[in-house]
Amino acid sequence: MNYKTRPTSGDQTRPASDRANRPTTSVVRSAGVIRIATMTSRVLGLIRDQVLAYFFGAGDAMDAFRIAFRLPNALRDLFAEGALSAALVPTFTRALATGDRAAAWRLASNVASLLLLVSGAVVLAGILFADPLVNLYAAGFREVPGKIELTVRLTRLMFPFLAMVAVAAVLMAMLNALHRFFVPALSPAMFNVATIACALVFVPLAPRLGIEPIVAIAIGTLAGGLGQILLQWPAIRREGFHYTPILDRHDPWLREIGRLMVPGVAGLAAVQINLFVNSWLAAGLGTGAVSWLDYGFRLMYMPIGLFGISIATASLPTISEHAATHDDAGVRRAVSSGLRLMLMLNVPATLGLIVLATPIVTLIFERGQFMPADTVATAAALACFAPGLIGYSAVKLMSPAFYAMGDSRVPVVASAASVVFNVALNLMLVRSLGHRGLALGTAAAALLNAGILLWQLRARLGGIEGGRLLNAVIKISSASVVMAVTAYYAERFLHIPIGGRDVTAQAVRVFGAIGAALGMLAISAHVLRVEEFDQLRRRALGSRTW
């Protein structure tokens, strides 16, 4: 099969048995390292959301901040962490495989220079045209006096975040390609730390400083973007990278990245159209809807960061190495292993989020300006988003696999199809279900995207160990249903003897239910002989025997 890549001989020198065992072993080991760093970042992200909920709840200021941040953040996905990362990691891996590190570093400098130029121009345009952008993106805000104007001011202040995070994304992609996973996985923590610090220090002082309290959060966003660069810079310097301000459009490696990125950007542009429609619909649902959806989505996204992204990030270099040597069997094993591990972690998480949505939201957010009505609305959004967890995680693994094989068309087509489906479904569901319909439509679209990619990947590789995958789905789903039933009744049982709405009582109920559910999941997985659970358990216990 022609992957349109430059062949290398790195894997060919390894024993066949080693190559066969390496995908599962190295992916689980690397995913564990990433998960530790990601767990740190996600916990800090959770604290960040708690702080924001305490100070601002789901009011007009938080709605304005969410939309203002979404504009540069959407472009980040478009130019940096999305298409660029998926194209840069396999290309940079192939450049390293030639044995000429100087050429690889030159490629990195070239990419960074081009990205700085493009993102800088976009930042300038975003600042200049913030007013019409916000009026188009959140037309429903016009109904609240001053809400549009606040959103415009915050948008102009936060747009430079795009250029900072673009540079951070290049550093992250290079470190991942070098199998240095911990620091890049930890770098988003800097964003959370900066936001928390600015909230705690400057929000109470805002009236004395003559600024709106929400402006302190925007300043924290910029500080967090800079922090992501500063954390990763020493790590990439230790690998031998020294930035050189060059811009060589004729570099064949840069042209390869461009070839992979162009359709990827087109696909992500379709996603941003979908995001625009969802934001436009949510902004028209009244105060709080934008924030409810954002709080719910971020809670749903925590398992993706812990499990989906960690497994995908750890798998991509291995998949890229096999693709570079035209090793179909190696790609098949790595993708299949990653999918099965992802299912073992995310199917239980999905059902757990659905069953425990209300107590989780109550425990995490319901204090300060975050009212009981906000809890009910956010929990409903979380439960509707949760089925998409499996789809999002699977896409995080499978989409980069196509890029690694030199095929950027399939992810674009799959993404575009899911976007059309999502927009159509959301336009129908929002009328009867409100913000819950938007969450449900988004989850359904993520599952459709994953289904299309799986179908195409199976055809591309001549199978994807379908028997093992189906067997894993059946066993994992069965164990997860038992776990979810246990969680539901455990939380209800604990609600009776441990009443009250204080934080301690809430924590005992939630963590007690989670503990009972995980215990039952372990028993069920053992009885059903779920292979993936045993792999994760042995790794967690530090065993090197596979």
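The sequence shown begins at 788 in my numbering and counts up one residue at a time. Ideal Cβ positions, reconstructed from N, Cα and C, are used throughout, including at glycine.
1. Alpha carbon to alpha carbon, how far is Gly-907 from Thr-938?
2. Can you tell me whether DSSP reads Val-921 as helix, strand or coil?
3. Determine the direct distance from the alpha carbon of Phe-879 to that of Arg-1046, and round the result to whole angstroms.
4. Could you tell me if the beta carbon of Ala-984 falls within a distance shorter than 8 Å of some heavy atom in the ligand ATP?
5. Give the single residue among Thr-1074, Thr-1273 and Phe-1172 whose Cα lies nearest to the Cα of Glu-930.
6. Going by DSSP in three states, Asp-850 sits in which element: helix, strand or coil?
7. With a Cβ-Cβ cutoff of 9 Å, do Phe-946 and Ile-935 count as a contact?
8. Can you check the stretch 986-1062 for any alpha helix (DSSP H) of at least 4 residues that lies completely inside it and give the ranges in chain order?
9. Can you have a look at Glu-1108 and say buried or exposed, based on whether 16 or more other CB atoms are within 10 angstroms of its CB?
10. Please classify Pro-1146: does DSSP put it in a helix, a strand, or coil?
11. Relative to the C-alpha of Phe-1084, which candidate in Ile-823, Asp-836, Ser-1195 and Ala-824 has its C-alpha closest?
12. Can you have a look at Glu-1043 and say buried or exposed, based on whether 16 or more other CB atoms are within 10 angstroms of its CB?
13. Met-945 lies in the alpha helix (DSSP H); which residues open and close that run?
14. For chain D, find out if any of its Cβ atoms is closer than 9 Å to the Cβ of Glu-999; answer yes or no.
15. Consult DSSP for Pro-1159 and reduce its assignment to one of helix, strand or coil.
16. Would you please state the rounded distance, in angstroms, between the beta carbons of Met-1185 and Leu-1244? I believe it to be under 8 Å.
17. Excluding the 5 residues preceding and the 5 following Leu-1034 in the sequence, name in chain order all residues of the same chain whose CB lies nearer than 8 Å to its CB.
18. Determine, using beta carbons only, whether Ala-1232 and Gly-1178 come nearer to each other than 9 Å.
19. Express the C-alpha separation of Val-1118 and Leu-1248 in angstroms, rounding to a whole number.
20. Assuming the contact rule is C-beta atoms closer than 8 Å, Ser-1078 and Met-849 should be a hit. Round their C-beta distance to whole Å, please.
21. May I ask which residues mark the beginning and end of the alpha helix (DSSP H) holding Thr-1229?
22. What's the C-alpha gap between Asp-1115 and Ile-1106?
23. Which of helix, strand or coil does DSSP assign to Thr-965?
24. Starting from the C-beta of Ser-804, find all residues in its chain whose C-beta is less than 8 Å away, skip the five residues before and the five after it, and write them out in chain order.
On the basis of the supplied data:
1. If you draw a straight line from the Cα of Gly-907 to the Cα of Thr-938, it comes to about 21 Å.
2. Of the three classes helix, strand and coil, the one that applies to Val-921 here is helix, per DSSP.
3. Their Cα atoms are separated by approximately 14 Å.
4. What this structure holds is no ligand at all, so the ligand ATP is not there to describe.
5. For Glu-930, the nearest C-alpha among the options comes from Thr-1074.
6. Helix at Asp-850.
7. Contact flag unset, no.
8. Taken in chain order, the complete alpha helix (DSSP H) segments of 4 residues or longer contained in the stretch 986-1062 are 993-996 and 1000-1025.
9. Label assigned to Glu-1108: buried.
10. When DSSP states are grouped into helix, strand and coil, Pro-1146 belongs to the helix group.
11. Checked all of Ile-823, Asp-836, Ser-1195 and Ala-824; the closest Cα to Phe-1084 is Asp-836.
12. With 16 or more Cβ atoms within 10 Å of its Cβ, Glu-1043 is classed as buried.
13. 934-945 is the span of the alpha helix (DSSP H), which, as asked, contains Met-945.
14. Annotation note: the requested chain D is absent from the structure, which comprises a single protein chain.
15. In the three-state scheme derived from DSSP, where H, G and I count as helix and E and B as strand, Pro-1159 is classed as helix.
16. That pair is a contact at about 6 Å.
17. Cβ-Cβ distances below 8 Å link Leu-1034 to Asn-897, Ser-900, Leu-901 and Leu-904 in the same chain, with the five nearest sequence neighbours on each side left out; the list follows chain order.
18. Result yes, Cβ atoms of Ala-1232 and Gly-1178 sit closer than 9 Å.
19. Spanning the two alpha carbons is a distance of roughly 8 Å.
20. With a Cβ gap of about 5 Å, Ser-1078 and Met-849 count as contacting.
21. Going by DSSP, Thr-1229 is part of the alpha helix (DSSP H) stretching over 1222-1248.
22. Between Asp-1115 and Ile-1106, the alpha-carbon positions lie close to 10 Å from each other.
23. Correcting the residue type first, residue 965 is Leu in the shown sequence and not Thr. In the three-state scheme derived from DSSP, where H, G and I count as helix and E and B as strand, Leu-965 is classed as coil.
24. At Ser-804, the pLDDT of 41 sits below 50, so the modelled position is not reliable; the number obtained from the coordinates is stated separately. Excluding positions up to five away in sequence, the list is empty.
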